[in-house]
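Enquirer:
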Amino acid sequence: MPSSASQGRTGVLLVNLGTPDSPRTPDVRRYLNEFLTDARVIDMPAAIRYPLFRGLVVPLRAPKSAKIYQQLWTDRGSPLLYHGLDLQKLVQEELGQDYLVAFGMRYQNPSIESALEQLRDAAVDRIIVLPLFPQYAAASTGSVQEKVMEIVSKWWIVPTISFISTFVEDPAFIGTFATLGKAEMAKHAYDHVVFSYHGIPERHVLKGSHKSYCKLGSCCASYNKNNRYCYRAQCFETSRQLGKALGLKPDQYTTTFQSRLQSRLRDPWLQPYTDEVIKEFPAKGIHNVLAFSPAFVADCLETTIEVGEEFKEMFEEAGGKHWQLVPSLNSHPQWVRGVADMIRRN
Numbered sequence: 001m002p003s004s005a006s007q008g009r010t011g012v013l014l015v016n017l018g019t020p021d022s023p024r025t026p027d028v029r030r031y032l033n034e035f036l037t038d039a040r041v042i043d044m045p046a047a048i049r050y051p052l053f054r055g056l057v058v059p060l061r062a063p064k065s066a067k068i069y070q071q072l073w074t075d076r077g078s079p080l081l082y083h084g085l086d087l088q089k090l091v092q093e094e095l096g097q098d099y100l101v102a103f104g105m106r107y108q109n110p111s112i113e114s115a116l117e118q119l120r121d122a123a124v125d126r127i128i129v130l131p132l133f134p135q136y137a138a139a140s141t142g143s144v145q146e147k148v149m150e151i152v153s154k155w156w157i158v159p160t161i162s163f164i165s166t167f168v169e170d171p172a173f174i175g176t177f178a179t180l181g182k183a184e185m186a187k188h189a190y191d192h193v194v195f196s197y198h199g200i201p202e203r204h205v206l207k208g209s210h211k212s213y214c215k216l217g218s219c220c221a222s223y224n225k226n227n228r229y230c231y232r233a234q235c236f237e238t239s240r241q242l243g244k245a246l247g248l249k250p251d252q253y254t255t256t257f258q259s260r261l262q263s264r265l266r267d268p269w270l271q272p273y274t275d276e277v278i279k280e281f282p283a284k285g286i287h288n289v290l291a292f293s294p295a296f297v298a299d300c301l302e303t304t305i306e307v308g309e310e311f312k313e314m315f316e317e318a319g320g321k322h323w324q325l326v327p328s329l330n331s332h333p334q335w336v337r338g339v340a341d342m343i344r345r346n
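Listed below in structure tokens is the structure:
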């Protein structure tokens, strides 16, 4: 029987969202221009999207975002980048020589195109693409899939390509977050747990609804074939899985959504909104909160700054006493093994 080496290696492409090359305003502007003109992120006609965001929104937002990125930046650069590179290295070691693991960003560098070129140059037999977003959304996982297909469609020879579109129920994803959460719970007594997910417009969920199944309500009380690609339903399922792993009763945790873009059109985003919910906690007797951000597998601006600092300040100003963010999975050994297992299963 031929060896796996003679058959060629399996290529693995890990992809995360993206980050500016530096916290300087020009680099942040370049990143935002690419991100906010993606038709899957801002689903407006191009004739409106480009002039609105490149001409108005991004120039106003870039200097403010640059100041926030300066708070986040480390000696190793952007956390989202170095955590991704660490994960790539450790998953490569875990999988061994029959695999070649590459890492790319949907926006900016290292690009998906450069990562795919690395795999093509190595003449891999097939490619497994793992967007590092636990819950599928057209604006994240869907955008990565579209970009990968756009790039490989120009290749003369296209190897077998498969995508891991969601890992909401993956044992290592749930288990590693539970391990990190229990470590924090051992240090302090908490009244309540918040699972805060990145928000998306409600229309994104409704556009992808299977046979108009979605009602943005009780339909997310169970996770089934009709809503398995509904972002909202996946978030609630992640919360249920994490709650169970942490030994929590349903009334001991709350699922919320963060990072909504303000719109003059008052376009509704997924609710309840994290910032509004946590302001009400102290009046309800909830003074010690443990917060998770399970839409992210690596710490970044939305976890470290938004959940870890901004929400903490809001909570304390409302009368809360203790707010603690659980670190993301980053390159935790349990998560590294889990990613390698996902690749092997696929």
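Going by the UniProt record's numbering, 227 is the number at position 227 of the sequence shown; the sequence numbering is gapless. We put the CB at the ideal spot given by N, CA and C, even for glycine. Note that this is a predicted model, so its numbers are computed, not measured.
1) Could you pull the start and end residues of the alpha helix (DSSP H) that Ser-114 belongs to?
2) With a CB to CB cut of under 7 Å and the five nearest residues on each side skipped, what residues in its chain are close to Val-58?
3) Quick check on the DSSP output: the alpha helix (DSSP H) that includes Ala-102 runs from which residue to which?
4) Assuming Leu-119 and Ile-128 make a contact with CB atoms under 8 Å, what is their CB distance in whole Å?
5) Assuming Asn-346 is part of the alpha helix (DSSP H), what are its boundary residues?
6) State buried or exposed for Arg-240, treating a residue as buried only when at least 16 other CB atoms are found within 10 Å of its CB.
7) Quick check on the burial criterion: 16 or more other C-beta atoms within 10 angstroms. Buried or exposed for Tyr-231?
8) Curious, which full-length alpha helix (DSSP H) runs of at least 4 residues does the segment 5-51 contain?
9) Relative to the C-alpha of Ala-245, which candidate in Ser-78, Pro-171 and Thr-141 has its C-alpha closest?
10) Are there 16 or more other CB atoms within 10 angstroms of the CB of His-198, so buried, or fewer, so exposed?
11) His-192: buried (16+ other C-beta within 10 angstroms of its C-beta) or exposed?
12) Mark His-188 as exposed unless 16 or more other C-beta atoms lie within 10 angstroms of its C-beta, in which case mark it buried.
13) When the Cα of Pro-79 is compared with those of Ile-305, Val-205, Glu-310 and Thr-179, which residue comes out closest?
14) In angstroms, rounded to a whole number, what distance separates the CA positions of Leu-261 and Ala-123?
15) Looking at C-alpha atoms only, which residue of Leu-329, Ile-164, Gln-135 and Glu-117 is the closest neighbour of Val-158?
16) Out of Thr-176, Gly-319 and Gly-247, which one is the CA nearest neighbour of Ser-293?
17) Helix, strand or coil for Gln-324 per DSSP?
18) Determine the extent of the alpha helix (DSSP H) in which His-204 is found, giving its start and end residues.
19) State the Cα-Cα distance for the pair Pro-250 and Thr-238, rounded to the nearest angstrom.
Expert: On the basis of the data shown:
1) 112-121
2) The residues are Arg-29, Leu-32, Asn-33 and Leu-36.
3) Taken as a continuous stretch (DSSP letters only), Ala-102 belongs to no alpha helix (DSSP H), being part of the beta strand (DSSP E) at 99-107.
4) Actually they are not in contact, since the Cβ atoms of Leu-119 and Ile-128 sit about 10 Å apart, beyond 8 Å.
5) Neither: Asn-346 is in no alpha helix (DSSP H) and is coded neither H nor E.
6) buried
7) buried
8) 25-36
9) Pro-171
10) buried
11) Around the beta-carbon of His-192, 16 or more other beta-carbon atoms lie within 10 Å, marking it buried.
12) exposed
13) Ile-305
14) Roughly 42 Å between the two C-alpha positions.
15) Glu-117
16) Per the Cα distances, Thr-176.
17) strand
18) 202-207
19) 13 Å
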